[in-house]
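Asker: Just passing along the structure, written as structure tokens.
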Amino acid sequence: MKKIFFYISILSLCCVLYACNKNKDRIIEFSGIYADAPQGRQGLYNPDRGFRLETAVDVVEDKDNPVKTLISQSDKYKSDSVSLVQSYFYLTYTVGKELSDENFAVMQTYFDQLEKMGMKAVLRFAYEKDFMGRAAIGPNLDQALSHLDQLKPFLEKNKNLIFVVQAGVIGAWGEWHASVHNLHKSDESKRAILKKVLEVIPADKMVQVRVPTYKNLLKDEPELYKRISFHDDFIVIKPEPWDADMHEGTPNFNQIVRESPYLIVDGELPWGFWSVGKDPDAPTAGWLIDGHDAARRLFLQHYTSLSVIHNYKEQHANQTFEEDNAPEYSMVLWKKTPLSEEFLQKNHMPLSSNYTLNQDGSKAERNIFEYIRDHMGYRIELQKLQIPSELESGKSSTVKLELINKGFAAVFGDHSVYFVLVDSKGKVTEFPTNCNPNDWQPYQPGDSTYTSLQHVIISEINLPPGLVSGNYKLGLWIPDGSEQLKYNNRYAIKCANGDIQWMVTDDKKYGINILSDIQISANQ
């Protein structure tokens, strides 16, 4: 009898221990991407950040093939992980007329191609393609305002493919100088254009202006003011007559530093031929832009995007580019400049986990081009996952995931956050969270130590009672927030971790960061 009691006690104890172990949480820690890991030298393709292209479509002259440059540039810069395109629509030959159905059809063809390619637009409308009195056609104020009113339904229709809008419209290339009708010389005209652009674009979109002075035209209208951001179209770092007083130490520079944590900031270097002294219009001799100084500028001003078209491998009448005989434009030089960790540390700049290491622990030499490519915009690194050892169908369990943002900027745009379970057949079950990625700042704005912020996703996963028991994969899915793009894997965010699998489902709907295998048992 005593033996029977003993065995029953042992069996009961085993059951208790099993139950305790079953309910015990697991802690999984993640690391960054080693330099020699698979794709360690390639940039992460992610939406709404990084290097961008530049295309120009004249809605009249380019009506037969408005996507030609978009396709060719995407192929040429494919290795640079580009998901954004500065998209100029030139309305030059519509001055004095209403925009026609054909004009809108040309622009719609372009946007349809953007969606096929998994990209978004940094959008600008312009009229004048040259400066210094060389542009023959440009709108007066009434004509420009009328066209903007016409554009409103089109912009609403394509809002999910528009990342940000640049004010444009006025003067050469829409940069607010050298206007045929001198709109750039009138604060009243500039204010009217800026307010109209803010009115006709969707209310959740920002408008970028060339210099803070233009933003300050609306400083007495706070609801509009907070939607205005910046694009610097002449990043040369050092003082220069054409840099519009945007260099360090100026009020313009300081205002961007102060406001940029909450704004989408874009920019570009001058053309490469300017840097090698072959710009006939340049008032001063050009110079190559130092990569480390450029990186520091992009970091301090929270840049989300930068043109990869300028000062890299562009082809231009002043200086053609040959793949086998590349001119020493600035970005070409960046690729030959070793990354200085000492410079990063001195300037409190972010450095991703394992970024300068090989998998055997030896040092890997990175270059400053890679660093800028990989840290511009956001760079989400998962840190630690806390989950139960096993889940039960029909029951609720808590999942906790910690992350940091090692990029220069926060996440912008509309994105949702889900935990997902993927079964052995690839079926995905979604569990939405109430997390907003726009809150994932790299560090607390104003913190002079630039210490990385820890962000936490905590969510209750309520498993449906009929979920089949077995082994599943637990994943993090961060898709586009719009219904139009939600189930397109090209618009999902990939985390910067070398020990996390990136899974694209067979139907191409999901791009998932796989966190762990997990066992699901039937509810007892």
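Position one of the sequence shown corresponds to residue 12 (the working numbering), numbered consecutively onward. Cβ atoms here follow ideal geometry from the backbone N, Cα and C, with glycine treated the same way.
1. Taking the Cβ atom as the reference point for each residue, do H321 and W282 lie within a distance shorter than 8 Å?
2. DSSP state of E234, grouped into three classes?
3. Taking all protein chains shown into account, decide if G43 is buried (16 or more other Cβ within 10 angstroms of its Cβ) or exposed.
4. Give me the residue from P399, D112 and G522 with the minimum Cα distance to E441.
5. Please confirm whether N416 and Y382 have their CB atoms less than 8 Å apart.
6. In the structure shown, what three-state DSSP assignment does T103 receive?
7. Going by beta carbon distance, what residues of the same chain come within less than 8 Å of K196, once the five residues before and after it are set aside?
8. Using only alpha-carbon positions, find the residue among D69, D301 and E270 that is nearest to I248.
9. Provide the residue span of the beta strand (DSSP E) that contains S83, from first to last.
10. Under the rule that 16 or more other beta-carbon atoms within 10 Å means buried, what is M12, buried or exposed?
11. What do you reckon, are the CB atoms on Q84 and L64 nearer than 8 Å?
12. By Cβ distance below 7 Å, which residues in the same chain neighbour M342 in space, the five residues on each side in sequence not counted?
13. Note down, one range per segment and in chain order, each alpha helix (DSSP H) of at least 4 residues found wholly within the region 237-288.
14. May I ask you to report which of helix, strand or coil DSSP gives T66?
15. Please specify which runs of the beta strand (DSSP E), each continuous and at least 3 residues long, are wholly inside the region 303-381, giving them in chain order.
16. Among the candidates L194, W488, G182 and H258, whose CA atom is the shortest distance from the CA of R145?
17. What residue range does the alpha helix (DSSP H) around V211 cover?
18. What is the rounded straight-line gap between the Cα of S408 and the Cα of H466?
19. When DSSP labels each residue in this structure, what does I468 get in the three-state scheme?
20. Relative to the alpha-carbon of G509, which residue among N499, N524 and I246 has its alpha-carbon at the smallest distance?
21. Please classify V117 as buried or exposed, where buried requires at least 16 neighbouring CB atoms within 10 angstroms.
22. I need the DSSP call for Y521, collapsed to helix, strand or coil.
23. Can you grab the Cα-Cα spacing for the pair V68 / Y99, in whole Å?
24. Roughly how many angstroms lie between the CA atoms of P164 and V176, to the nearest whole one?
25. Can you find at least 3 beta carbon pairs, one from the region 416-430 and one from the region 480-495, that sit closer than 8 Å?
26. Quick check: H303 and S351, are their CB atoms within less than 8 Å of each other?
27. What residues in its chain sit with their C-beta under 7 Å from that of V78, if we drop five residues either side in the sequence?
28. Report the residue from P223, E167, I468 and N265 whose alpha carbon sits nearest the alpha carbon of W187.
29. Terminal residues of the continuous alpha helix (DSSP H) containing K127?
30. Can you tell me whether DSSP reads Q512 as helix, strand or coil?
31. Helix, strand or coil for R501 per DSSP?
32. Identify which residue in V180, L166, Y498 and N263 has its Cα closest to the Cα of Q154.
33. Let me know the secondary structure DSSP gives Y389 once reduced to three states.
34. In the DSSP assignment, find the unbroken alpha helix (DSSP H) run with S157 in it and report its ends.
35. Can you check which of these residues, T66, Y483 and G129, is closest to D491 by C-alpha distance?
36. Given that a residue counts as buried once 16 or more other Cβ atoms are within 10 Å of its Cβ, and exposed if not, what is I3?
Answerer: According to the structure shown:
1. Using a Cβ distance threshold of 8 Å, H321 and W282 count as a contacting pair.
2. In this structure, E234 counts as helix in the three-state DSSP scheme.
3. Around the beta carbon of G43, 16 or more other beta carbons lie within 10 angstroms, which makes this residue buried.
4. Taking only the C-alpha atoms, the option nearest E441 is G522.
5. No Cβ-Cβ contact shorter than 8 Å links N416 with Y382.
6. It is helical.
7. S190, listed in sequence order.
8. Of the listed residues, the one whose Cα sits closest to I248 is D301.
9. For S83, there is no enclosing beta strand (DSSP E); the residue is part of the alpha helix (DSSP H) that begins and ends at K79 to K87.
10. Since pLDDT at M12 reaches only 49, below the 50 mark, its modelled position is unreliable, and the value read off the structure follows with that caveat. It counts as exposed.
11. Yes. Within cutoff.
12. Sequence-distant partners of M342 (beyond 5 residues in either direction) whose C-beta falls short of 7 Å from its own C-beta, in its chain, are N322, Y323 and F380.
13. List check, alpha helix (DSSP H) in window: 262-270 and 283-286.
14. T66 carries a strand assignment under DSSP once its states are collapsed to helix, strand and coil.
15. Fully enclosed beta strand (DSSP E) runs of 3 or longer: 314-318.
16. Shortest Cα-Cα distance from R145 to any of L194, W488, G182 and H258 involves G182.
17. D198 to V211 is the span of the alpha helix (DSSP H), which, as asked, contains V211.
18. Going by the C-alpha atoms only, they are around 20 Å apart.
19. DSSP places I468 in strand when its eight states are reduced to three.
20. Ranked by Cα distance from G509, the first of N499, N524 and I246 is N524.
21. Around the beta carbon of V117, a 10 Å sphere encloses 16 or more other beta carbons of the protein chains shown; the residue is thus reported as buried.
22. Per DSSP, reduced to three states, the secondary structure at Y521 is coil, with no helix or strand assignment.
23. One C-alpha to the other measures close to 6 Å.
24. Answer to the nearest angstrom: the Cα atoms are 15 Å apart.
25. Contact between the region 416-430 and the region 480-495 is present: 3 or more CB-CB pairs across the two stretches fall below 8 Å.
26. Result yes, Cβ atoms of H303 and S351 sit closer than 8 Å.
27. So the qualifying residues of the chain are T120, Y121 and Q124.
28. Among P223, E167, I468 and N265, the Cα nearest to that of W187 is on P223.
29. Segment D112 to M128, the alpha helix (DSSP H) holding K127.
30. Note: Q512 maps to strand in three-state DSSP.
31. In this structure, R501 counts as helix in the three-state DSSP scheme.
32. Taking only the C-alpha atoms, the option nearest Q154 is V180.
33. In the displayed model, Y389 falls within coil according to three-state DSSP, outside both helix and strand.
34. Here the alpha helix (DSSP H) through S157 covers L152 to K168.
35. When each option's Cα is compared against that of D491, the closest is G129.
36. Lying outside 12 to 535, the shown extent of the chain, residue 3 is not represented and no answer is given.
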